[in-house]
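Take a look at the structure below.
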Amino acid sequence: MYQCFFRDLGVRLPFTQFECDFLDFINSAPCQLHPNNWGFLRVFQVLCTVLGIEVSLPVFLHFYQLKLGVPPYGILSLNGGRDGGLFTLYSQSYKTFKQEFF
83 MYQCFFRDLG
93 VRLPFTQFEC
103 DFLDFINSAP
113 CQLHPNNWGF
123 LRVFQVLCTV
133 LGIEVSLPVF
143 LHFYQLKLGV
153 PPYGILSLNG
163 GRDGGLFTLY
173 SQSYKTFKQE
183 FF
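Using our numbering, the letters of the sequence shown correspond one by one to residues 83 to 184.
Structure representation (structure tokens):
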């Protein structure tokens with residue numbers, strides 16, 4: 083895992099059931115997902131909690147589509163679906179996030 087996941091995005095161990103379900107769905111390790119996408123996962127969970135609705139993987143996947151990185155070790159990312167997604171990218175630049183492996 084990269085430090086920015088914990089420091090900036092509030093990702094905590096153990097992962098929530100929603101995060102585990104998402105990682106299982108995309109069949110990937112946590113460090114294969116770009117940091118901005120962890121931000122999407124976190125803010126979706128917070129929004130659902132604040133609104134008092136169930137955190138749902140099918141609802142999340144309605145708004146985002148998985149984009150595969152360049153093989154063989156590409157970073158996975160999420161693109162807003164045809165409707166543009168729910169949230170904009172996190173303002174922090176993560177160009178050097180790979181240098182901060184935890």
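Don't be surprised by glycine CBs; every beta carbon is placed ideally from N, CA and C.
These numbers were taken from a predicted model, which means no experiment stands behind them.
Residue i and residue j: beta carbons closer than 7 Å?
i: L139; j: D90; result: no
i: F100; j: V137; result: yes
i: W120; j: V93; result: yes
i: L148; j: Q114; result: no
Across which residues does DSSP place residue i in a beta bridge pair?
i: L158; result: L115
If I follow the unbroken beta strand (DSSP E) through residue i, where does it start and stop?
i: L95; result: That residue, L95, is in no beta strand (DSSP E); it is neither H nor E in DSSP.
For residue i, does the count of other Cβ atoms within 10 angstroms reach 16, so buried, or fall short, so exposed?
i: H144; result: exposed
i: S173; result: Residue placement at S173 is flagged as unreliable, the pLDDT there being 49, under the threshold of 50; a coordinate-derived value is accordingly withheld.
i: L123; result: buried
Go to residue i, then tell me how far its alpha helix (DSSP H) extends in each direction, as first and last residue.
i: L139; result: L139 to F145
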